[in-house]
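Protein chains in written order, with the numbering used here: chain X, 977 to 1132; chain D, 263 to 366. Scroll down for the structure; my scribbles are underneath it.
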């Protein structure tokens, strides 16, 4: 076996845009599918992706960059961010990429763990019941580092 | 290059253990590949193998794990139970297909 192989991975998601959250989820799911022990730690605005009210209503942040890459029929609509968000969501759906809640379930189905950051949860005054029911826990940064051990860490 | 012996036939594998030629694939070959993975094939395994082969034949690409589960009438969790740790790679290998490079 190649001794440079990644065995354990922690992905920290601190942002709430579709492009940032999906980048993290896709990398996490890809890791789980390779048999890599994977932890996803959501902090700051990333908590939106594990908050029931917002998790499936994330928006595109850099919609201008998307517009440069997507064919646009007709005039630019008035609310470009919402428009692009809809387009991107449709595109993800067509590519068989799951909505956020289902994506989290898939990561967990393969043994991946999903955690919320305790400090950020307190800062945004969120309750346990506001968050994704299947969360593996709300943990401190210290606990996260303990869990991560010698893992590779990706920060988004 | 590694080989696999099945029913007295020598079957060529890639360095990573995937079939060189899909024409070599049959159910006995699948059983032999599964055995190497420590898997005993059940009805659900065969269902997944068939869906994967059909999809690959049709599009020359692999479905996402989510699509594979749906089309096989299973849940993602079931795929991890059937083909532990690396569901898409193991299923593709046993189905006689090339190594998947899908990232979903």
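Heads up, the beta-carbon is just placed ideally off N, CA and C, and yes, glycines get one too. A quick note: this is a predicted structure, and the numbers were derived from the prediction, not measured.
Asked                                                                                                               : Found
C-alpha gap between residue 1011(X) and residue 1084(X), whole angstroms                                            : 12 Å
The region 329-337 of chain D contacting the region 279-295 of chain D, beta-carbon criterion three pairs below 8 Å : no
For residue 283(D), three-class secondary structure by DSSP                                                         : coil
Rounded C-alpha distance that separates residue 1127(X) from residue 986(X)                                         : 6 Å
Terminal residues of the beta strand (DSSP E) in which residue 1016(X) lies                                         : 1013-1018
Integer-rounded CB distance, given that residue 1024(X) should sit under 8 Å from residue 1031(X)                   : 7 Å
Beta-carbon proximity check, residue 338(D) vs residue 329(D), cutoff 8 Å                                           : no
Residues in the region 993-1012 of chain X having any Cβ partner in chain D nearer than 8 Å                         : 1002, 1005, 1006, 1009, 1010, 1011
Residues in the region 300-328 of chain D having any Cβ partner in chain X nearer than 8 Å                          : 325, 326, 327, 328
Where the alpha helix (DSSP H) through residue 338(D) begins and ends                                               : 338-344
Within-8 Å CB hit, residue 347(D) to chain X                                                                        : yes
Spatial distance of residue 1057(X) from residue 296(D) (CA atoms)                                                  : 48 Å
Amino acids of chain B, ordered along the chain, whose beta-carbon sits closer than 8 Å to that of residue 342(D)   : Chain labels in this structure do not include chain B; the protein chains are X and D.
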